[in-house]
Amino acid sequence: MSHEIKTFYNIANSYTKYKDELDTFKRDEKPIYMGECNSFVNEHITNIEEDPPTICNTVMKFLNLLKEESESYKIEGSKYLFYWLHNDILKNKSPVEITLILYKELYRRYNEEDNLNILNKYIDQMNENTSDKLVKLTGIYDTFKKFEKEVTSKGAEKKCTSDCVKLFSTYVHECQKGYDYDFCNELKIFREKYNFFIKTYIFCDEQYFLQPVDLFDIVRIIIVPIVLIVVTSLILPLLYKFTPFGPWIHNIIAKQKYIFHNINEETNHYIYSYEMENNSSKTGNYNIAYNST
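Residue numbers 1 to 293, in our numbering, belong to the letters of the sequence shown in order.
#1: Which two residues bound the contiguous alpha helix (DSSP H) that contains Pro-52?
#2: Hey, quick one: how far does the alpha helix (DSSP H) through Tyr-83 stretch, first residue to last?
#3: With Tyr-171 as the anchor, note down where its alpha helix (DSSP H) starts and where it stops.
#4: Taking only runs of the beta strand (DSSP E) that begin and end inside the stretch 87–136, which ones reach a length of at least 3 residues, in chain order?
#5: Are Phe-82 and Ser-131 close, meaning C-beta to C-beta below 8 Å?
#6: By DSSP, does Gly-155 sit in helix, in strand, or in coil?
#7: Out of Asn-127, Lys-93, Ser-94, Leu-116, which has the shortest C-alpha to C-alpha gap to Lys-104?
#8: Across the stretch 53–63 and the stretch 90–98, are there enough close Cβ pairs to call them in contact, namely three or more that are closer than 8 Å?
#9: Can you confirm whether the stretch 43–54 touches the stretch 113–123 when touching is taken to mean that 3 or more C-beta pairs between the two stretches lie within less than 8 Å?
#10: Where does Asp-182 fall in DSSP's three states?
#11: Within 10 angstroms of its Cβ, does Glu-76 collect 16 or more other Cβ (buried), or is it exposed?
#12: Give the DSSP-derived three-state secondary structure of Tyr-18 in the structure shown.
Right under this line is the structure:
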């Protein structure tokens with residue numbers, strides 16, 4: 001497997017430690033920052049098992065942990081916190097925009113208590129675009145982990161296909177459409193991991209492999225020009241016949257022909273004049289030579 005490229009979305013495939021911390025804090029009934037969390041409510045936390053003050057306390061504890069950790073832990077941990085809220089708490093039932101509001105609101109409450117703004121730049125790195133891609137990438141790894149567990153469990157039947165295939169195809173088209181190179185690179189990394197697993201551990205044929213990300217580019221490069229040629233060949237005659245575009249093009253072509261015709265006439269005239277002068281010069285030379293004898 002190739003060396004992994006560092007991208008904004010690297011957290012997607014290495015989030016287990018952050019999930020473990022959050023789940024541990026959530027189980028811990030000892031509260032902190034109760035003054036900020038006791039009154040916390042959120043209309044989108046509708047699961048009866050998820051108590052808003054408990055969620056608030058869990059996030060406060062996790063942010064407190066991040067504050068003391070390394071730079072990379074702060075960066076990746078703050079990203080995973082968003083996914084945890086979106087997937088584990090809101091159960092993927094709300095748009096990322098709603099999760100983003102919840103994410104920022106919880107951090108605001110934390111910052112009011114802490115008042116150091118240490119985590120500002122890590123929290124602010126999340127916006128609607130990056131958070132959407134992060135949710136998709138982390139989600140496809142979640143799907144992959146469930147597939148791994150299913151096919152490697154004792155007595156499991158051989159299975160070479162998973163929900164990852166459809167998700168991967170959709171996300172590849174999306175990354176190329178949006179020219180998000182980090183997103184595309186993360187999909188390439190995911191493809192390597194996925195194909196390695198089904199080849200090495202399940203012994204599946206290549207027909208079950210995820211297609212190269214670049215292959216989608218090649219298909220688009222071939223199809224787009226063909227479509228443009230077909231569309232142009234159909235539209236241009238209609239434009240020429242039924243719109244001012246036709247007479248306009250006709251006038252331009254006529255002018256170009258007229259100019260070209262004049263250039264040819266002038267060129268022929270100059271060539272003829274030059275030949276006449278050249279012939280006269282030669283005749284004069286002959287006469288001089290004759291007279292000298």
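Cβ atoms here follow ideal geometry from the backbone N, Cα and C, with glycine treated the same way.
Please read all numbers here as calculations on a predicted model, not as lab measurements.
In short:
#1: 52–68
#2: 71–84
#3: 164–177
#4: none
#5: yes
#6: coil
#7: Asn-127
#8: no
#9: no
#10: helix
#11: buried
#12: helix
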